[in-house]
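The block underneath contains the structure these notes are about, expressed in structure tokens.
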Amino acid sequence: MSIRKHWLKLSGYGALWLTAATLLTKLIGVLQKIPLQNLAGDAVFGIYNIVYPIYQLMMALAIAGIPTALASYIAVLRPEERLRSLRVALVMSSVTAIILSLIVFTTAPMLGEWIGHPEIASSLRVLAAALCVTPLIAVYRGFYQGIDDARSSSLSQLIEQLVRVCCMLLALWIGLSMGWSDGKLTAGVMWGSAFGAGAALLWLWYQRPRQPFTRHSFQLSVLEARSLVKLALPTALAAIVVPIVAVVDALSIPRLLQGQAEDIMAQFGQYSRIQPLIQLVSMLLGAFAAGFLPRWMNYGADSGALRLLGPRLLLMHRMAWFVGCGATVGLLMLAEPINIMLYKDTAGLETFRYLCLTTLTSSLLAVQAPLLQAAGVSRLPLWLLVIAGGSKALLNIWLVPIYGITGAAIAANFALLLPACLGAIALKLAVRQMSSYAVQEKDNPSLVQSLISTAVAMLTMGLTLYLFQLILLPTGGVNRLEMTLYSLMAVVAGALAYSLALWITRGVTKQEITWLG
């Protein structure tokens, strides 16, 4: 089968649906933060980026492992058994949702006092409402991925994001018109998450399988629940490695910075400017991996041997490496025009450039969670979590009082580097122990070849962007429209140069592309 036909065949697979939906929803998510910062300012943007990581962490604990675990679990079940698993997962998620919502609602004032900004309590309580819904959404999405119907899951993401952004913009317009305080304005904006989650749940519930209800023994349901928890917990722990770093930042940086409260919030807003872009890359890769894994696991169950699973896992990890390296170079060289394009100025530009380097480690960590689970490594994610969160807290305490938000950016690089390296080594060792891997290993590019290919591609991209800067970079004042056009053209040119260099240097072979089927 030709490469072109092979990729056309993939258009019916979950990976492309999930990747396309995640890309579109994250683009919308990035765009919705632009008017928030542009209209409300860095102070409101800072409060938003203190509250939202806490919400993301709680969501990760509640839902991160569910879609991947449930999808992998029901992919190998008979059709009549899948609805039973769906009902068990819905009950589990409902209990989890209620518990987490109560925790966030009751501890909101305490967290506000701890951070030193009591006004964030109202925003956290708004997000507690969204936490009642999001775990149920995750169950339905995992179910649809498991039955190879990623279309329903993907459309729900788009519906959720569109409703969230529309509600956020409406609240922003009302709040600015009525002169709300920064804390009240942020709480109003947060209601968009609750309404978006509710809309997505209603749509997924309407699309649910309609079959007669059949009773199952309590003992069977408990056993199934244990199996799902066993599958979901490692992925959830691995998935919160990056969010836990953001929560550590939210809890520590405002307390460690010097100055007035509004100035501190503005500094934290500048520190958070790059986060939507990093999340765009990492979540796209995570969705890509989650879309392929259920089908790969199903292939293994059908054939009785996981002959190609090991090489496929390494291929997915190497693709994350390539994408992360390219995104890092692009963000680093386009830092100034991107800031002007998105945020009107270059405040915190040095911090932005330091944080560009975390794009690579965040990309690797995003795919390591499902890949390690598929390779049978279940205990490592907890240690990665402890290393990332603990080292970030200690480095913040040391560096932020001295260097401010630049010190926090340096701390982020070191805090994510070690977990990403350990995860990569563990994945390689786990794959080597899988059956029949040695037969396929000769088809994989060597480590040296991959590093050379990456270096050549990064150099090619860097030179391309440098020439763009010499020839096309607007001069003589800051013009946002000109910077936007320049940034978009430079991104396209840099991506094409990087991809072409990877292809010429055989970073990914034709044989490996066929493994994605």
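Under the working numbering, think of the first position of the sequence shown as 1, with each following residue one higher.
C-beta atoms are modelled at their ideal positions from N, C-alpha and C, and glycine is treated no differently.
Straight-line Cα distance separating residue j from residue i
{"i": "Val91", "j": "Val139", "result": "10 Å"}
{"i": "Cys167", "j": "Ser282", "result": "26 Å"}
{"i": "Ile147", "j": "Arg82", "result": "9 Å"}
{"i": "Ala97", "j": "Ala199", "result": "17 Å"}
{"i": "Ala347", "j": "Gly41", "result": "12 Å"}
{"i": "Glu262", "j": "Ala43", "result": "6 Å"}
{"i": "Lys33", "j": "His117", "result": "21 Å"}
{"i": "Gly310", "j": "Met434", "result": "7 Å"}
{"i": "Ala128", "j": "Leu102", "result": "7 Å"}
{"i": "Leu136", "j": "Leu308", "result": "33 Å"}
{"i": "Pro243", "j": "Ile54", "result": "8 Å"}
{"i": "Ala320", "j": "Leu380", "result": "20 Å"}
{"i": "Phe143", "j": "Ser154", "result": "12 Å"}
{"i": "Leu355", "j": "Ser499", "result": "23 Å"}
{"i": "Cys421", "j": "Gly324", "result": "14 Å"}
{"i": "Ala197", "j": "Ile99", "result": "18 Å"}
{"i": "Thr25", "j": "Trp383", "result": "31 Å"}
{"i": "Gly462", "j": "Val329", "result": "7 Å"}
{"i": "Pro337", "j": "Leu77", "result": "51 Å"}
{"i": "Val508", "j": "Asp182", "result": "49 Å"}
{"i": "Ile264", "j": "Ala335", "result": "22 Å"}
{"i": "Leu284", "j": "Tyr466", "result": "27 Å"}
CA nearest to the CA of residue i, picked from the options
{"i": "Leu417", "options": "Pro118, Val245, Trp205 and Val44", "result": "Val245"}
{"i": "Gln368", "options": "Gly423, Asn339, Ile340 and Trp321", "result": "Gly423"}
{"i": "Pro35", "options": "Ala411, Leu131, Trp173 and Arg379", "result": "Trp173"}
{"i": "Leu124", "options": "Ala194, Phe468, Tyr144 and Leu257", "result": "Ala194"}
{"i": "Tyr48", "options": "Thr186, Met333 and Glu336", "result": "Thr186"}
{"i": "Gln270", "options": "Arg312, Leu204, Arg353 and Phe292", "result": "Arg353"}
{"i": "Leu273", "options": "Ser252, Gln258, Cys325 and Leu331", "result": "What sits at residue 273 in the sequence shown is Arg, not Leu. If we check each option's Cα against that of Arg273, Leu331 comes out closest."}
{"i": "Met333", "options": "Ala493, Ser154, Ile74 and Ser362", "result": "Ala493"}
{"i": "Pro254", "options": "Trp383, Leu277, Pro419 and Ile120", "result": "Ile120"}
{"i": "Ser227", "options": "Phe292, Leu70, Phe288 and Ile99", "result": "Leu70"}
{"i": "Thr156", "options": "Asp182, Thr361, Leu201 and Phe45", "result": "Sequence inspection shows Ser at residue 156; the Thr mentioned does not correspond to that position. The option with the nearest alpha carbon to Ser156 is Leu201."}
{"i": "Leu277", "options": "Thr358, Pro474, Phe468 and Ala426", "result": "Thr358"}
{"i": "Ala495", "options": "Val400, Val248, Ala327 and Ala426", "result": "Ala327"}
{"i": "Gln145", "options": "Tyr52, Leu204 and Gln279", "result": "Leu204"}
{"i": "Gly192", "options": "Ser181, Asp182, Leu169 and Ser177", "result": "Leu169"}
{"i": "Arg506", "options": "Met489, Leu470 and Ser453", "result": "Ser453"}
{"i": "Lys428", "options": "Leu158, Gly404 and Ser446", "result": "Ser446"}
{"i": "Gln275", "options": "Arg141, Ala412, Gly286 and Ser93", "result": "Ala412"}
Exposure of residue i, with buried meaning 16 or more beta-carbon neighbours within 10 Å
{"i": "Asn396", "result": "buried"}
{"i": "Val104", "result": "buried"}
{"i": "Gly112", "result": "buried"}
{"i": "Arg318", "result": "buried"}
{"i": "Arg519", "result": "No information on residue 519 is available, as it lies outside the stretch 1 to 517 that the chain covers here."}
{"i": "Gly179", "result": "exposed"}
{"i": "Gln373", "result": "buried"}
{"i": "Val448", "result": "exposed"}
{"i": "Ala108", "result": "buried"}
{"i": "Gly376", "result": "exposed"}
{"i": "Val439", "result": "With a pLDDT of only 45 at Val439, under the threshold of 50, the placement of this residue in the model should not be trusted; the figure read from the coordinates follows. It is exposed - the Cβ of Val439 has fewer than 16 other Cβ atoms within 10 Å."}
{"i": "Ser363", "result": "buried"}
{"i": "Thr475", "result": "exposed"}
{"i": "Cys132", "result": "buried"}
{"i": "Val95", "result": "exposed"}
{"i": "Met110", "result": "exposed"}
{"i": "Ile74", "result": "buried"}
{"i": "Met483", "result": "buried"}
Same chain only: Cβ atoms within 7 Å of residue i, ignoring 5 sequence neighbours per side
{"i": "Glu350", "result": "Thr406"}
{"i": "Arg480", "result": "Ile340, Met341 and Lys344"}
{"i": "Ala415", "result": "Val245, Ala388, Ser391, Lys392 and Leu395"}
{"i": "Val518", "result": "Because the chain spans 1 through 517 in this model, residue 518 falls outside it and cannot be assessed."}
{"i": "Gly286", "result": "Ala366 and Val367"}
Own chain residues within Cβ distance below 6 Å of residue i, not counting five before or after
{"i": "Gln207", "result": "Ser152"}
{"i": "Met190", "result": "Ser123, Val126 and Leu127"}
{"i": "Gly175", "result": "Leu185 and Gly188"}
{"i": "Gln37", "result": "Phe45 and Tyr343"}
{"i": "Ala409", "result": "Thr351, Tyr354 and Leu355"}
{"i": "Val247", "result": "Pro53, Ile54 and Leu57"}
{"i": "Pro401", "result": "Leu256"}
{"i": "Ala501", "result": "Val456, Ala457 and Thr460"}
{"i": "Gln258", "result": "none"}
Sequence-distant residues of the same chain with beta carbon closer than 8 Å to residue i, five excluded per side
{"i": "Trp503", "result": "none"}
{"i": "Leu520", "result": "In the structure as shown, the chain begins at 1 and stops at 517. Residue 520 is therefore absent and cannot be evaluated."}
{"i": "Met316", "result": "Phe288, Ala289, Phe292, Val367 and Leu371"}
{"i": "Gly304", "result": "Because the pLDDT of Gly304 is 45, which lies under 50, any placement of that residue in the model is unreliable, and the question is left without a value."}
{"i": "Tyr486", "result": "Pro337, Phe468, Leu472, Leu473 and Pro474"}
Chain C within 8 Å of residue i, Cβ atoms only
{"i": "Val133", "result": "As a matter of chain content, chain C is missing from the structure shown, which is built from one protein chain."}
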